[in-house]
Amino acid sequence: MNLQSVWDARVQCAAVVLFAVGFSSLLLHRNLFKKIIGLNIMETASYLFLTATGYIRGRTAPIVTGSAAEAAKYVNPLPAGLVLTGIVVSVSFTAVMLSLMIRLYREYRTLDLDEIYELVHSDPKEGRA
Amino acid sequence: MKSFREWFRDWDSGRYDLTEMTASSGEAFREDPDSGSSRWARTEVFSIRADVTGTFRKLYPVMSLILCAVIIVFLLYTVEALPPFASADTPANAGEVSLRYNSMALEETGALNVVSGVILDYRAFDTLGESHVLFAAAVAVFILMLEPTKGAGPETLGVSPDTVLEGTARVLGPVIAVFGIYIILNGHLGPGGGFAGGSVLSGAMILIRMTSRGRDGKGLLSMKGYRIITASSLIFYSLAKGYSFWCGANGHETIFSAGEAGRIFSAGLILPLNIAVGAVVACTMYGFYSIFTGGEV
Chain A
7 MNLQSVWDAR VQCAAVVLFA VGFSSLLLHR NLFKKIIGLN IMETASYLFL
57 TATGYIRGRT APIVTGSAAE AAKYVNPLPA GLVLTGIVVS VSFTAVMLSL
107 MIRLYREYRT LDLDEIYELV HSDPKEGRA
Chain B
161 MKSFREWFRD WDSGRYDLTE MTASSGEAFR EDPDSGSSRW ARTEVFSIRA
211 DVTGTFRKLY PVMSLILCAV IIVFLLYTVE ALPPFASADT PANAGEVSLR
261 YNSMALEETG ALNVVSGVIL DYRAFDTLGE SHVLFAAAVA VFILMLEPTK
311 GAGPETLGVS PDTVLEGTAR VLGPVIAVFG IYIILNGHLG PGGGFAGGSV
361 LSGAMILIRM TSRGRDGKGL LSMKGYRIIT ASSLIFYSLA KGYSFWCGAN
411 GHETIFSAGE AGRIFSAGLI LPLNIAVGAV VACTMYGFYS IFTGGEV
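Residue numbers (our numbering), protein chains in the order written: chain A, 7 to 135; chain B, 161 to 457.
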């Protein structure tokens with residue numbers, strides 16, 4: 007791995023680092039809300055990677071402005087469509103995860119996974135009301 | 161009737177074993193949870209597990225960081241092996257599909273915005289599933305959040321009434337809403353489309369709801385209105401795309417022509433589909449907000 011090639015692909019490298027940041031926060035935090043945020047950071051990394059794949063230097067967004075469509079004037083429109091799909095799906099499952107989290111909070115009054123685990127295994131009669 | 165907490169504990173301690181269920185035909189579930197034997201067994205298991213979590217808790221952050229570092233190194237090697245960045249000759253950019261989209265989209269779909277043409281004409285089936293994913297998520301959120309829980313009621317997020325904020329929202333809300341509608345309608349002519357415009361429109365609705373809560377306490381949209389708008393938009397989308405799939409598969413000409421490029425009524429089905437998608441997105445985002453802040457839709 008030489009540094010020049012890493013610098014040339016710096017956008018994809020940034021996506022890789024962002025992915026690892028999201029993954030580590032998914033693993034290391036005990037708070038469920040921070041885990042969900044970490045998952046969203048991972049999604050953003052994959053969108054950045056996809057968009058970088060479709061970018062072509064010196065070309066414009068694929069919106070036809072001239073009279074005739076020239077394929078050599080625009081960037082690749084396909085990753086943009088895929089990222090759009092991904093954003094909507096991630097919004098959907100973030101909402102579902104958040105509502106599950108709120109249900110857990112209403113039951114146990116905490117978002118810490120270890121505390122929830124202990125409350126699950128404690129006696130419900132002696133536990134917190 | 162078992163409480164949620166008891167179900168969860170039984171599930172977590174592995175009492176829902178399918179083989180056991182078939183063998184004893186549910187005998188394991190009818191045993192008294194307060195009987196001595198099961199209590200003893202459970203405490204023993206838990207004490208062993210607590211000991212394991214002690215060492216596990218020390219090792220876990222170190223192992224997680226090592227795993228992340230390994231993932232970074234592997235992915236960086238992969239990135240280095242990829243085709244060069246921002247080049248037109250990579251397989252993804254020089255492929256037949258994207259060249260075809262860029263050169264033929266205006267002629268075939270009538271949309272100046274090639275991305276709109278791709279997601280609502282070439283790949284409209286994908287977008288249909290996407291809207292249904294959003295709808296299914298909204299249904300799941302409503303099921304989870306609207307079920308009454310025992311104990312504490314839903315927490316309402318109180319926004320204290322503020323004259324400056326209310327006045328600003330009163331002026332800005334309609335402007336943002338009009339801008340969102342413009343983005344929805346402009347989807348085939350320029351940057352925009354149903355998803356972006358629907359998000360902006362829902363932002364305006366959320367702003368109005370946030371600031372007018374203290375005054376009337378009611379939302380802009382009732383549950384019935386939400387159901388009607390979302391379901392009719394999705395049904396319209398399905399029927400319209402079903403018609404064009406039927407025509408495409410049987411070699412018929414559709415009655416929706418591409419029209420003259422650049423006009424507002426052009427590009428066949430893209431404009432009505434953008435409106436349908438925008439309605440679904442705006443209502444669902446607004447519904448998420450109002451459900452999460454503890455109110456009704």
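Glycine is no exception: its CB is placed at the ideal position from the N, C-alpha and C atoms. In this text, all values refer to a predicted model and were calculated from it rather than measured experimentally.
Cβ separation of residue i and residue j, assumed to be a contact under 8 Å, to the nearest whole Å
| i | j | result |
| --- | --- | --- |
| residue 437 of chain B | residue 355 of chain B | 6 Å |
| residue 83 of chain A | residue 360 of chain B | Incorrect: roughly 22 Å between the Cβ atoms, too far for contact. |
| residue 94 of chain A | residue 290 of chain B | 5 Å |
| residue 414 of chain B | residue 404 of chain B | 5 Å |
| residue 53 of chain A | residue 67 of chain A | Contact flag wrong, Cβ pair sits at about 16 Å. |
| residue 107 of chain A | residue 117 of chain A | 7 Å |
| residue 19 of chain A | residue 230 of chain B | Between residue 230 of chain B and residue 19 of chain A the Cβ distance is about 16 Å, and since that is not below 8 Å, they are no contact. |
| residue 114 of chain A | residue 125 of chain A | 5 Å |
| residue 350 of chain B | residue 441 of chain B | Rounded, the Cβ-Cβ distance is 18 Å, inconsistent with contact. |
| residue 23 of chain A | residue 226 of chain B | 16 Å between Cβ atoms; not a contact. |
| residue 427 of chain B | residue 269 of chain B | 6 Å |
| residue 98 of chain A | residue 294 of chain B | 5 Å |
| residue 70 of chain A | residue 272 of chain B | 5 Å |
| residue 17 of chain A | residue 51 of chain A | Contact doesn't hold; Cβ gap of about 11 Å is too wide. |
| residue 27 of chain A | residue 236 of chain B | Residue 27 of chain A to residue 236 of chain B, Cβ: 14 Å. No contact. |
Per-residue DSSP class, three states only, for residue i
| i | result |
| --- | --- |
| residue 116 of chain A | coil |
| residue 80 of chain A | strand |
| residue 215 of chain B | helix |
| residue 430 of chain B | helix |
| residue 273 of chain B | strand |
| residue 69 of chain A | strand |
| residue 61 of chain A | coil |
| residue 244 of chain B | coil |
| residue 287 of chain B | helix |
| residue 256 of chain B | helix |
| residue 422 of chain B | coil |
| residue 234 of chain B | helix |
| residue 262 of chain B | helix |
| residue 251 of chain B | coil |
| residue 415 of chain B | coil |
| residue 281 of chain B | helix |
| residue 322 of chain B | coil |
| residue 444 of chain B | helix |
| residue 410 of chain B | helix |
| residue 167 of chain B | helix |
| residue 200 of chain B | At residue 200 of chain B the pLDDT is 40, less than 50, meaning the model places this residue with poor confidence and gives no usable figure here. |
| residue 121 of chain A | helix |
| residue 148 of chain B | In the structure displayed, chain B extends from 161 to 457; residue 148 of chain B sits before or after that span and is not available. |
| residue 105 of chain A | helix |
| residue 128 of chain A | coil |
| residue 453 of chain B | coil |
Residue i, buried or exposed, once every other Cβ within 10 Å from all chains shown has been counted against 16
| i | result |
| --- | --- |
| residue 78 of chain A | exposed |
| residue 352 of chain B | buried |
| residue 412 of chain B | exposed |
| residue 169 of chain B | buried |
| residue 305 of chain B | buried |
| residue 285 of chain B | exposed |
| residue 49 of chain A | buried |
| residue 218 of chain B | exposed |
| residue 197 of chain B | With a pLDDT of only 44 at residue 197 of chain B, under 50, the local geometry of the prediction cannot be trusted, and no value is derived from it. |
| residue 365 of chain B | buried |
| residue 386 of chain B | buried |
| residue 434 of chain B | buried |
| residue 281 of chain B | buried |
| residue 392 of chain B | exposed |
| residue 261 of chain B | buried |
| residue 323 of chain B | exposed |
| residue 445 of chain B | buried |
| residue 297 of chain B | buried |
| residue 216 of chain B | exposed |
| residue 278 of chain B | buried |
| residue 85 of chain A | buried |
| residue 429 of chain B | buried |
Near the ligand COA: residue i beta-carbon under 6 Å from a heavy atom
| i | result |
| --- | --- |
| residue 339 of chain B | As for the ligand COA, it is missing from this structure, which has no ligand bound. |
Would you list, in chain order, the members of the segment 295 to 307 of chain B that have their beta-carbon closer than 8 Å to a beta-carbon of chain A? So the list reads 296, 297, 298, 300, 301, 304 and 305, given in the order they occur along the chain.
Identify each residue in the segment 79 to 92 of chain A for which the Cβ-Cβ distance to at least one residue of chain B is less than 7 Å, and report them in chain order. If the cut-off is 7 Å between Cβ atoms, the segment 79 to 92 of chain A has 80, 82, 83, 84, 86, 87, 90 and 91 near chain B.
Curious, which full-length alpha helix (DSSP H) runs of at least 4 residues does the segment 324 to 397 of chain B contain? Listed in chain order, they are 354 to 371 and 373 to 376.
Taking only beta carbons into account, state which residues of the segment 269 to 297 of chain B come closer than 7 Å to chain A, listed in chain order. Listed in sequence order: 272, 273, 274, 275, 278, 279, 283, 286, 290, 293, 294 and 297.
Counting only runs of 4+ residues fully inside the segment 10 to 59 of chain A, write out the alpha helix (DSSP H) ranges in chain order. Taking 4 residues as the minimum length, the alpha helix (DSSP H) runs contained wholly in the segment 10 to 59 of chain A are 16 to 34, in order along the chain.
Residues of the segment 228 to 243 of chain B whose Cβ lies closer than 7 Å to any Cβ of chain A, in chain order: If the cut-off is 7 Å between Cβ atoms, the segment 228 to 243 of chain B has 228, 231, 232, 235, 236, 237, 239, 240 and 242 near chain A.
Name, going along the chain, the residues of the segment 110 to 127 of chain A whose beta-carbon falls closer than 7 Å to a beta-carbon of chain B. Along the segment 110 to 127 of chain A, the positions whose C-beta sits under 7 Å from a C-beta of chain B are 112, 113, 126 and 127, read in chain order.
Beta carbons nearer than 9 Å to chain B: which residues of the segment 51 to 62 of chain A have them? Listed in sequence order: 55, 58, 59, 60, 61 and 62.
Closer than 9 Å, Cβ to Cβ, to anything on chain B: give me those residues from the segment 7 to 21 of chain A, in chain order. Those residues of the segment 7 to 21 of chain A placed with their C-beta closer than 9 Å to a C-beta in chain B are 7, 8, 11, 12, 14, 15, 16, 17, 18, 19 and 21, ordered along the chain.
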